[in-house]
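Here is the structure we will look at, set down as structure tokens.
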Amino acid sequence: MNKKLVTIIFLLGILLRFQETISNNFLFLIDQGRDMMAVKRIVFDHSLTLIGPYTSLQGVFQGPLWYYLLAVPTIILGGNPWGTVVLMLIISVSALIVAYLWTKKLFGQRAAIFTLFIFVISPEAVAAATYAWNPHPMWLLVVLYIFSFYELIVLKKQRFHLAVWPLISLMFHFQTALAVFILLASLLYLILFSKKNIRQRHFLYGLIISIIFFVPQVLFDLRHDFLMTRSVLNIFSGSDRGLFVGGENRNYFDLIQSHISLFYYNFGTTFVRDGLLQYLPKLALLSLIISLVFQKKLKLFSKNEWHFMLMISGLTGIIIGLGIFYPFPLRYWFLTGLQVMYIIPFGILTGKAWLWRMGKFGVIILTAIFIFYSGQRLYTLYINPPNDGGVAKIKGKLAAIDFIYNDVKGEKFGLLVFTPPVYTYAYDYLIWWHGERKYNYKPYEEKKGTFYLLMEVDPQKPWSYKGWLETVIKNGDIIYTKTLPSGLMVQKRFVGNKNEQ
Numbered sequence: 006m007n008k009k010l011v012t013i014i015f016l017l018g019i020l021l022r023f024q025e026t027i028s029n030n031f032l033f034l035i036d037q038g039r040d041m042m043a044v045k046r047i048v049f050d051h052s053l054t055l056i057g058p059y060t061s062l063q064g065v066f067q068g069p070l071w072y073y074l075l076a077v078p079t080i081i082l083g084g085n086p087w088g089t090v091v092l093m094l095i096i097s098v099s100a101l102i103v104a105y106l107w108t109k110k111l112f113g114q115r116a117a118i119f120t121l122f123i124f125v126i127s128p129e130a131v132a133a134a135t136y137a138w139n140p141h142p143m144w145l146l147v148v149l150y151i152f153s154f155y156e157l158i159v160l161k162k163q164r165f166h167l168a169v170w171p172l173i174s175l176m177f178h179f180q181t182a183l184a185v186f187i188l189l190a191s192l193l194y195l196i197l198f199s200k201k202n203i204r205q206r207h208f209l210y211g212l213i214i215s216i217i218f219f220v221p222q223v224l225f226d227l228r229h230d231f232l233m234t235r236s237v238l239n240i241f242s243g244s245d246r247g248l249f250v251g252g253e254n255r256n257y258f259d260l261i262q263s264h265i266s267l268f269y270y271n272f273g274t275t276f277v278r279d280g281l282l283q284y285l286p287k288l289a290l291l292s293l294i295i296s297l298v299f300q301k302k303l304k305l306f307s308k309n310e311w312h313f314m315l316m317i318s319g320l321t322g323i324i325i326g327l328g329i330f331y332p333f334p335l336r337y338w339f340l341t342g343l344q345v346m347y348i349i350p351f352g353i354l355t356g357k358a359w360l361w362r363m364g365k366f367g368v369i370i371l372t373a374i375f376i377f378y379s380g381q382r383l384y385t386l387y388i389n390p391p392n393d394g395g396v397a398k399i400k401g402k403l404a405a406i407d408f409i410y411n412d413v414k415g416e417k418f419g420l421l422v423f424t425p426p427v428y429t430y431a432y433d434y435l436i437w438w439h440g441e442r443k444y445n446y447k448p449y450e451e452k453k454g455t456f457y458l459l460m461e462v463d464p465q466k467p468w469s470y471k472g473w474l475e476t477v478i479k480n481g482d483i484i485y486t487k488t489l490p491s492g493l494m495v496q497k498r499f500v501g502n503k504n505e506q
């Protein structure tokens, strides 16, 4: 029975994560375009890199492993960005498998099943499988880190030093902000609660191995006059380049309040919160606090489970404390993957609730609601799917590029793109991969002869493209303006003698 139940839960998890992959229609925005342009330079232009995506701190970059990871499916599929979404699906499902198997090994089948189910339906965990973004591998890395840290601290298996510290260093290739918080929290935890582990030789070995993953950034720093080192040190002299966006509140107490709200928001994203479930995060948090406070009286948890709860509470508390007093704005993506630190404890807690009559009743009710929600979601995804996603997803962008190439009927033409974020990485990549390869022509980027303007309309500032037309474009007679089904606007213009058209 358990095997069938686990199989069904896994299938549900795959189905919730699979629609964008099989429909070949996924988010392809500025970040995805930026990353694919970087991968293009590595794979097709044969220009290797020592750094990955930029961070909020100007002059500091993530490690390059994210780009090299994306390069694998890009090579296999000849540049098709669909492969990056398949990679995200593989990473997401791997996180489910590891979480289930390791929870089962440590805490038993019941805890593993509930942990798996919560993980499967967690909205943010699902989203991490549907488009390529550098913070998304953090879900798998945090799963591996939590269990490795438990094996080290609670079960006293010193060899896990060889996993904990390299895993943390790997995080610096995907989401530096959370990696810093986890690194500091891990060191503080050892100093406060487990000093013996610092004196073990395996601790030193783990640190030495972890340094290997920093080699690319170190080499980059050496080649660029210690750019990243100077950027980090400048923080202590009062610099905040890139950390504040124009107009953001710099009042420290307001920042603390904002950080508290963000951590609670991150906690809430662990759970389905639609409709009647909007109060679930508060209920879950209250249940966890009660179970921890009254453990001595209720004896809910076994010895190992209790030690895990204490460990995860300590780590999470330190991370939240560090984050709350961080003197700069926190972005929601900084905490991507931190939800794992809530999923596993709640899986264990739900397994314990199942042993009580009232607890079992509550779990059955919640599970029924979750299944109903998941059924609605699956119906939307597979039976009555939404439109192609407008300008956000790749089908709309490819359709616009095809429209322009087909409209010009083999003639030479130019193409200029406007996007609200200014940077046109997504279109640059798709024009190279799809347009140039399919039609054997690369549009010029000058306002001469026949040229097209491809424009995204900003929902918040729908007039912004007009400013671009009036200040940047200006030239050319307008032949027509057309709004495509995706919402993208195409304008055809001509500069020169009309008899030349």
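Per our numbering, the very first residue in the sequence shown carries number 6; after that it's consecutive.
For every residue, glycine included, the Cβ atom is placed at its ideal position computed from N, Cα and C.
Taking a C-beta distance under 7 Å as the contact criterion, R39 and Y430 qualify as a contact pair. Classified as buried, K497 has 16 or more neighbouring CB atoms from the shown chains inside 10 Å of its CB. In the structure shown, R336 adopts coil according to DSSP, grouped into three states. The Cβ neighbour count for S215, taken over all protein chains shown within 10 Å, is at least 16; the residue is labelled buried. In the same chain as S99, and ignoring 5 residues on each side of it, the C-beta atoms closer than 7 Å to its own belong to L145, in chain order. In this model, F15 and V125 are separated by some 7 Å (Cα to Cα). Under the 8 Å Cβ criterion, the segment 56 to 76 does not count as touching the segment 9 to 26, having fewer than three qualifying pairs.
Taking 3 residues as the minimum length, the beta strand (DSSP E) runs contained wholly in the segment 375 to 443 are 419 to 423, in order along the chain. Within the segment 27 to 92, no run of beta strand (DSSP E) at least 3 residues long lies entirely inside it. A Cβ-Cβ contact shorter than 7 Å links Y449 with G419. Under the three-pair Cβ rule at 8 Å, the segment 130 to 146 counts as touching the segment 18 to 35. Per DSSP, reduced to three states, the secondary structure at K487 is strand. Here the alpha carbons of F375 and S127 stand approximately 10 Å from one another. Collapsing the DSSP output to three states places G454 in a strand. With a beta-carbon spacing of about 6 Å, I406 and L435 fall inside the 8 Å limit used to define contacts. Distances from the CA of A117 to each of L189, V44, P221 and P350 were compared; the closest alpha carbon is that of P350.
Relative to the Cα of Y72, the nearest Cα in the group A137, S28, I27 and T120 belongs to A137. If you draw a straight line from the Cα of Y59 to the Cα of K304, it is about 48 Å long.
For R228, the uninterrupted alpha helix (DSSP H) segment begins and ends at V220 to R228.
Judged by DSSP in its simplified three-state form, K497 adopts strand. CA-to-CA, the gap between V345 and V148 works out to about 6 Å. Between T89 and L101, the gap from beta carbon to beta carbon reaches 7 Å or more.
With respect to the 7 Å criterion, K398 and N30 are classified as neighbours on the basis of their beta carbons.
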